[in-house]
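Remarks on the structure that follows.
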Amino acid sequence: MIATTQQNMTTELDLGSSDGPPRNWKGIGIAMVVILAVMSLVILSVIILTPDESLLLRHSHVTMDDLESNKFKVHDPCVSWLNENEVALRTREGHVLTFSLTNNLTTTLLDNSSLDLTATTFQVSADKMFVLLAYNIQPVFSQSFTASYAIYNVANGDLLELNPPEREKAELQYASWGPQGNQLAFVFDGNIYYKPNVSSKPLRLTSTDKQQSIVNGLSDWTYEEEVLLTYPANWWSVDGARLAYLSINNSATPLMEIPHFIGGLYPSNVLYHYPKAGSSIPSVSLFVVNLYGPAHTLEMMPPLDSLRARDSYISMVTWISSTRLAVRWLNRAQNQSVLCVCEATTGACSEKHKLVMDIMQNQRQDVPLFTSDGSLFYTVLPAKQGARGEFHHIAGLTAQTAIPSVPPRFLTSGSWDVSSLCALDEKSGKIYFLSTEESRQSRHLYSVDLYGVFQRHCITCNLIDGCSLFKALFSPNQTHFILYCLGPGIPKVTVHNTKDPSRYVILEENSPLSRALEDKRLPETLFRTLSAENHDLHLKLSLPQNYESNLHPLLVIVDGLPGSQSVTEEFALGWPQVLCSTQGVALAWVDGRSGVGRGQKTSALGSTETWRAES
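Residue numbers (the working numbering): 132 to 746.
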């Protein structure tokens, strides 16, 4: 047995040591190289795609303390046109400058370092000899405030306090230069005062008792927040000879008491006139006062008795010429409006266009553009676009007495809305306007021809990097325009030549803000559209960085104001972004069915509104 076993082992050893086929060392080497290459690519991909933890640590969160710092604030230079080729603006340091578009020269009107007061707002007089400064500002509502005012003399640097005759060191409700020389008007205790020039004594144009709950030339809460959407309710004629103003009477409007939490142990209560459903709304009248010669005031009377009743609004006023102005009256339900042209010399108003809708009119503040002779005007009206419903588009109408059988002539069409009219250039035969044609969350500046095939051109598309939401302010003769880039990138302010918009000068680009945000971890912004009940629901999402890997709480923000739009590409840096950045909270802005930018079809109230309230 032992011998046999040894023999078997010897046999196996002999077999193992016998010569076999040669190994393919070349193939084995190639395979190893391929395996190593694949592994290297995998490792490299992991390294590249994995966020750099050290980089994330170096980028800190945006905090509430950051928002208090000036370098994290968007600076608005408050650019205004002085003439066709010159603008006034304010630097981040507070200096007031003029910039000439003819020779690109900058002139300092006011050096802020030479002032003893901290001015918040400024206005340059038409003759550029004075600067009106507001300081010690106390907010009232979203736009309104009271303040002390001083007039700065550019020639000698003197400061003159602006006060009514009956009080020194008064807090004024409003002050503004007129369009000629250095005439100005201001409001104190609800009454309008006028100064033909800086050195003259103030003239009181209105006489109402503060206890009567009447304010002249300014908006009350209702008009500021719901109707005009601006604080001033006065309008100068182009030649400065007349001043139109609203007189708003709240004597029959109930008072609302609202607690204000301003940091103290107990809130302070504020009373203001707040109309609710079924209660009285403010009664309003439009007056025009003659400023040259003896003051003579006329009330502009609407053509319809129904508009003279208490339950009506005035939603728009604009001067057409030195003696004529356009006025839009609105019923309380805000679904019927009448556009009239009023003669400032007689007070007579004639109807030019009447609009009746089944829903509230979102664009009730839109200012129509009239031709120089006043025979035609252009405005924004709903236009049927087949099965897609109605969208807001530019319409041309005659300024003669309203003729129902003559339909408006539409210059634009499509499944998008014209947001606002910017300027009418009769010389070049164009209208400039903002629209949602690119997307409903953006606003681009377009031009359209007044004649022919109404050719349309997008002026701001791909014009400035990081900018797709704009507003524009044209010079008096439309040769230049100021462009405010509101987002999605860092806001900028530029001035352009109308003939060649690609050539422009940057007035403000907020470089300190750009540098400050380089070291911050900002939320990611996404836009989504969901289908719901025969309409699309538009969302704007702000999500924490690397949101895919974790669950996050969701905060939904809805603006219930009719005609408002929250889902836009506007740049924002506030407490919602801080909440998202520091606490990992996902934010969602939602536009309801009354949101603008997508026509009238989704604005109808009814069963869907009831379902939304119940759900």
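Every residue, glycine too, gets a C-beta built ideally from N, C-alpha and C.
Original post:
In this structure, does DSSP put residue 378 in helix, strand or coil?
Top reply: On the sequence shown, residue 378 is found 247 positions in, with the first residue counted as 1. Strand, per DSSP.
**OP:** Give the straight-line distance between the Cα atoms of residue 431 and residue 420, rounded to the nearest whole angstrom.
**Re:** Residue numbering aside, residue 431 sits at position 300 when the sequence shown is read from its first letter. Residue numbering aside, residue 420 sits at position 289 when the sequence shown is read from its first letter. If I take the Cα positions, the gap works out to 11 Å.
**OP:** Enumerate in chain order the residues of its own chain whose CB-to-CB distance from residue 464 is below 8 Å, with the five nearest sequence positions on each side excluded.
**Re:** Reading the sequence shown from its first residue, position 333 is the one you call residue 464. Excluding residues within five positions, the ones whose Cβ falls inside 8 Å are 491.
**OP:** Return the bridge partner residues of residue 324 from the DSSP annotation.
**Re:** Residue 324 sits at position 193 when you count from the first residue of the sequence shown. Answer is 317, 335.
Subject >> Counted within 10 angstroms of its Cβ, other Cβ atoms place residue 595 as buried (16 or more) or exposed >> reply: The residue labelled residue 595 in the question sits at position 464 within the sequence shown. Buried, because 16 or more other Cβ atoms sit within 10 Å of the Cβ of residue 595.
**OP:** Answer yes or no: does any C-beta atom of chain C fall closer than 9 Å to that of residue 652?
**Re:** This model lacks chain C altogether; it includes just one protein chain.
Original post:
Cα separation between residue 704 and residue 283?
Top reply: Taking the sequence shown and counting its residues from 1, one reaches residue 704 at position 573. Taking the sequence shown and counting its residues from 1, one reaches residue 283 at position 152. About 34 Å.
Original post:
At which residues does the alpha helix (DSSP H) containing residue 83 begin and terminate?
Top reply: The structure shown does not extend to residue 83, since the chain is modelled only from 132 to 746, so the question has no answer here.
**OP:** Starting from the C-beta of residue 487, find all residues in its chain whose C-beta is less than 8 Å away, skip the five residues before and the five after it, and write them out in chain order.
**Re:** What you label residue 487 is simply residue 356 of the sequence shown in a count that begins at 1. Closer than 8 Å at Cβ, skipping near neighbours: 466, 467.
Subject >> Proximity to residue 286 [Cα-Cα], best of 601, 339, 241 >> reply: Translated into the one-based positions of the sequence shown, residue 286 becomes position 155. The residue with the shortest Cα to Cα distance from residue 286 is 241.
Original post:
Among 512, 353, 451, 195, which has the Cα closest to the Cα of residue 384?
Top reply: As a first step, residue 384 must be located in the sequence shown, where it is residue number 253. It is 353 whose Cα lies nearest to the Cα of residue 384.
Original post:
The beta strand (DSSP E) with residue 270 in it runs from where to where?
Top reply: Reading the sequence shown from its first residue, position 139 is the one you call residue 270. Residue range 261–270 is occupied by the beta strand (DSSP E) that includes residue 270.
Original post:
Are residue 552 and residue 632 closer than 9 Å when you measure CB to CB?
Top reply: As a position in the sequence shown, residue 552 is number 421, starting the count at 1. As a position in the sequence shown, residue 632 is number 501, starting the count at 1. In this structure, residue 632 does not lie closer than 9 Å to residue 552 by Cβ.
Subject >> DSSP-derived helix/strand/coil call for residue 354 >> reply: One-based indexing of the sequence shown puts residue 354 at position 223. For residue 354, the three-state secondary structure derived from DSSP is helix.
Original post:
Say the cut is 8 Å; is the CB of residue 537 nearer than that to a heavy atom of the ligand SAH?
Top reply: As presented, the structure is devoid of all ligands, the ligand SAH included, so that no description of it is given.
Original post:
Which value, in whole angstroms, describes the spacing of the CA atoms of residue 106 and residue 680?
Top reply: What the structure shows of the chain is the stretch from 132 to 746, and residue 106 is not part of that stretch, so it cannot be assessed.
**OP:** Can you tell me which of the three DSSP states residue 719 falls into?
**Re:** To locate residue 719, count along the sequence shown from 1; it is residue 588. DSSP, reduced to helix, strand and coil, places residue 719 within a strand of the structure shown.
**OP:** Give the secondary structure of residue 395 by DSSP, where H, G and I count as helix, E and B as strand, and everything else as coil.
**Re:** What you label residue 395 is simply residue 264 of the sequence shown in a count that begins at 1. Residue state, collapsed to three classes: coil.
**OP:** State yes or no: is the C-beta of residue 514 within less than 9 Å of the C-beta of residue 544?
**Re:** Here the question's residue 514 lines up with position 383 in the sequence shown. Here the question's residue 544 lines up with position 413 in the sequence shown. Going by C-beta atoms, residue 514 is nearer than 9 Å to residue 544.
**OP:** Take the Cβ of residue 348 as the centre, count every other Cβ of all protein chains shown within 10 Å, and call the residue buried at 16 or more, exposed below.
**Re:** Sequence index remark: in the sequence shown, residue 348 carries index 217 (1-based). With a threshold of 16 other beta carbon atoms within 10 Å, residue 348 meets it and is buried.
Subject >> Contact check, residue 311 vs residue 325, beta carbons under 9 Å >> reply: In the sequence shown, the residue the question calls residue 311 occupies position 180. In the sequence shown, the residue the question calls residue 325 occupies position 194. No, Cβ-Cβ distance for residue 311 and residue 325 is not below 9 Å.
Subject >> Contained beta strand (DSSP E) runs [length at least 3] in the segment 554–617, N- to C-terminal order >> reply: 561–566, 575–580, 587–589, 598–605, all fully within the segment 554–617.
**OP:** Can you tell me which of the three DSSP states residue 160 falls into?
**Re:** Indexing the sequence shown from 1 puts residue 160 at position 29. Residue state, collapsed to three classes: helix.
Subject >> Nearest to residue 377 (by Cα), restricted to the options 217, 657, 392, 337 >> reply: Translated into the one-based positions of the sequence shown, residue 377 becomes position 246. Checked all of 217, 657, 392, 337; the closest Cα to residue 377 is 337.
Subject >> Span of the beta strand (DSSP E), counted from its first residue to its last, around residue 450 >> reply: By one-based count along the sequence shown, residue 450 stands at place 319. For residue 450, the enclosing beta strand (DSSP E) stretches over residues 443–450.
Subject >> Backbone CA spacing between residue 582 and residue 615 [nearest angstrom] >> reply: Counting from one through the sequence shown, the residue named residue 582 turns up at place 451. Counting from one through the sequence shown, the residue named residue 615 turns up at place 484. Their Cα atoms are separated by approximately 29 Å.
Original post:
Helix, strand or coil for residue 485 per DSSP?
Top reply: Looking up residue 485 in the sequence shown gives position 354. Looking at residue 485 - three-state DSSP - the assignment turns out to be strand.
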